[in-house]
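S.K.: If you read the sequence shown in my numbering, its first letter stands for residue 209, the second for the next number, and so on. Backbone N, C-alpha and C fix where the C-beta goes; we use that ideal spot for every residue, glycine too. Quantities reported herein were computed from a predicted structural model and do not represent experimental measurements. Here it is, the structure, as structure tokens.
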Amino acid sequence: MPRLLVAIAAVVLATACGGDDRQEGGEIVVFAAASLTGAYAEIGEAFMVAHPGIAVSFNFGSSSDLVTQINEGAPADVFASADEANMSKLSEAGGNAADPQVFATNVLEIIVERNNPLGISGVTDLADRDVVYVTCSPDVPIGEYAAQVLESAGVAVTPASFEENVKGIVTKVTEGEADAGIVYATDVIAAGTDGEGVEIPAGINIVATYPVVATAESHNADGAQAFVDFVLSEAGQKILHTYGFGAP
Numbered sequence: 209m210p211r212l213l214v215a216i217a218a219v220v221l222a223t224a225c226g227g228d229d230r231q232e233g234g235e236i237v238v239f240a241a242a243s244l245t246g247a248y249a250e251i252g253e254a255f256m257v258a259h260p261g262i263a264v265s266f267n268f269g270s271s272s273d274l275v276t277q278i279n280e281g282a283p284a285d286v287f288a289s290a291d292e293a294n295m296s297k298l299s300e301a302g303g304n305a306a307d308p309q310v311f312a313t314n315v316l317e318i319i320v321e322r323n324n325p326l327g328i329s330g331v332t333d334l335a336d337r338d339v340v341y342v343t344c345s346p347d348v349p350i351g352e353y354a355a356q357v358l359e360s361a362g363v364a365v366t367p368a369s370f371e372e373n374v375k376g377i378v379t380k381v382t383e384g385e386a387d388a389g390i391v392y393a394t395d396v397i398a399a400g401t402d403g404e405g406v407e408i409p410a411g412i413n414i415v416a417t418y419p420v421v422a423t424a425e426s427h428n429a430d431g432a433q434a435f436v437d438f439v440l441s442e443a444g445q446k447i448l449h450t451y452g453f454g455a456p
């Protein structure tokens with residue numbers, strides 16, 4: 209009987225001290241689109257206050273690069289994409305733990321240098337041979353979205369360079385290495401006084417949808433799902449709204 213009591217006590221103690229690796233706690237790594245950098249950094253801080261047992265770290269980049277990394281075995285607990293297409297690449301590979309959920313929307317704007325020295329007023333101005341236009345390759349969401357906008361406007365533009373992600377476009381323009389690029393409206397807000405935005409008419413604009421999901425290979429399934437739930441919660445949505453993101 210004493211041995212039985214000791215065994216039972218050991219099981220209880222192990223459970224209380226973290227014997228179940230699925231209980232809330234530990235760490236999670238969130239792979240998120242570059243355009244989410246500011247908003248998700250703040251969401252991560254708020255999440256850790258609400259869930260003090262879970263530490264959050266981030267890997268920001270283009271959605272196409274991130275999903276490739278995950279599908280090749282990179283340790284990720286959550287994936288937040290700037291488009292449905294790259295999320296589908298994760299789902300088709302069986303890398304999602306549940307159905308992805310759209311948590312935000314975004315629209316596009318033209319970003320120009322502060323004070324708009326070339327007087328760019330719309331998409332058609334991007335075809336001017338004196339305008340240095342930069343974008344991303346079509347496999348990156350913003351590159352595909354920008355191409356769709358130009359096609360809808362009937363404008364042919366030859367990019368001066370293809371950047372790694374949307375933040376690269378912003379940097380090139382705000383540092384004076386390029387005159388313009390098509391980015392998310394939230395990136396224009398984030399640029400502050402370093403850049404200006406030129407609106408793109410709704411008729412040719414794109415509404416980008418952002419899905420998020422916990423990954424199938426997460427080492428902290430409960431923590432990953434808790435983060436997804438927080439992003440979708442009123443608190444998470446309020447933070448996203450302050451950065452200019454639209455409701456799902």
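Comparing C-alpha positions only, which one of 284, 314 and 244 sits nearest to residue 428?
M.R.: Residue 428 has its Cα closest to that of 284, out of 284, 314 and 244.
S.K.: Using C-beta distances below 8 Å, list every residue in its chain close to residue 360, excluding the 5 sequence neighbours before and after it, in chain order.
M.R.: 411 and 412
S.K.: DSSP on residue 358, reduced to helix/strand/coil?
M.R.: helix
S.K.: Assuming contact is defined by CB atoms lying nearer than 8 Å, are residue 405 and residue 381 in contact in what I supplied?
M.R.: no
S.K.: Who are residue 381's beta bridge partners in DSSP?
M.R.: Residue 381 is not bridged to any residue.
S.K.: Is the CB-CB distance between residue 313 and residue 455 below 8 Å?
M.R.: yes
S.K.: How big is the Cα-Cα spacing for residue 223 and residue 252?
M.R.: With a pLDDT of 37 at residue 223, under the threshold of 50, the modelled position of this residue cannot be trusted; read the value that follows with caution. Approximately 27 Å between the Cα atoms of the pair.
S.K.: Going by CA-CA distance only, name the one from 290, 276 and 236 that's closest to residue 301.
M.R.: Cα-wise, what sits closest to residue 301 is 276.
S.K.: Taking residue 264 as the reference, give the member of 436, 446, 447 and 290 with the closest Cα.
M.R.: 436
S.K.: What separation, rounded to the nearest whole angstrom, lies between the Cα atoms of residue 260 and residue 327?
M.R.: 49 Å
S.K.: Residue 373 and residue 269 look like a contact to me (Cβ under 8 Å); what is the Cβ gap, rounded to whole Å?
M.R.: The beta carbons of residue 373 and residue 269 sit about 6 Å from each other, so the pair counts as a contact at 8 Å.
S.K.: For residue 233, name the three-state secondary structure that DSSP assigns.
M.R.: coil
S.K.: Taking buried to mean at least 16 other C-beta atoms within 10 Å of its own C-beta, is residue 304 buried or exposed?
M.R.: buried
S.K.: Under three-state DSSP, which class holds residue 332?
M.R.: helix
S.K.: In whole angstroms, what separates the C-alpha of residue 385 from that of residue 364?
M.R.: 21 Å
S.K.: Considering only C-alpha positions, which residue in the set 432, 292, 414 and 416 is nearest to residue 422?
M.R.: When each option's Cα is compared against that of residue 422, the closest is 432.
S.K.: Using CA coordinates, which residue listed in 240, 322 and 330 is at the minimum distance from residue 362?
M.R.: Distances from the alpha-carbon of residue 362 to those of 240, 322 and 330 put 330 closest.
S.K.: Select from 282, 336, 409 and 341 the residue whose C-alpha is nearest the C-alpha of residue 379.
M.R.: 341
S.K.: Identify whether residue 399 lies in helix, strand or coil by the three-state DSSP scheme.
M.R.: helix
S.K.: Report the three-state DSSP secondary structure of residue 316 (helix, strand or coil).
M.R.: strand
S.K.: What separation, rounded to the nearest whole angstrom, lies between the Cα atoms of residue 237 and residue 395?
M.R.: 23 Å
S.K.: Would you kindly check if the distance between the Cβ of residue 239 and the Cβ of residue 267 is under 8 Å?
M.R.: yes
S.K.: By the three-class DSSP mapping on this structure, what secondary structure does residue 394 have?
M.R.: helix
S.K.: Would you say residue 254 and residue 414 are within 8 Å of each other, going by their C-beta atoms?
M.R.: Cβ distance not < 8 Å, so residue 254 and residue 414 don't count as in contact.
S.K.: Assign residue 341 to one of three DSSP states: helix, strand, or coil.
M.R.: Three-state result, residue 341: strand.
S.K.: Could you check what DSSP says for residue 353 in three-state terms: helix, strand or coil?
M.R.: helix
S.K.: Would DSSP call residue 279 helix, strand or coil?
M.R.: helix
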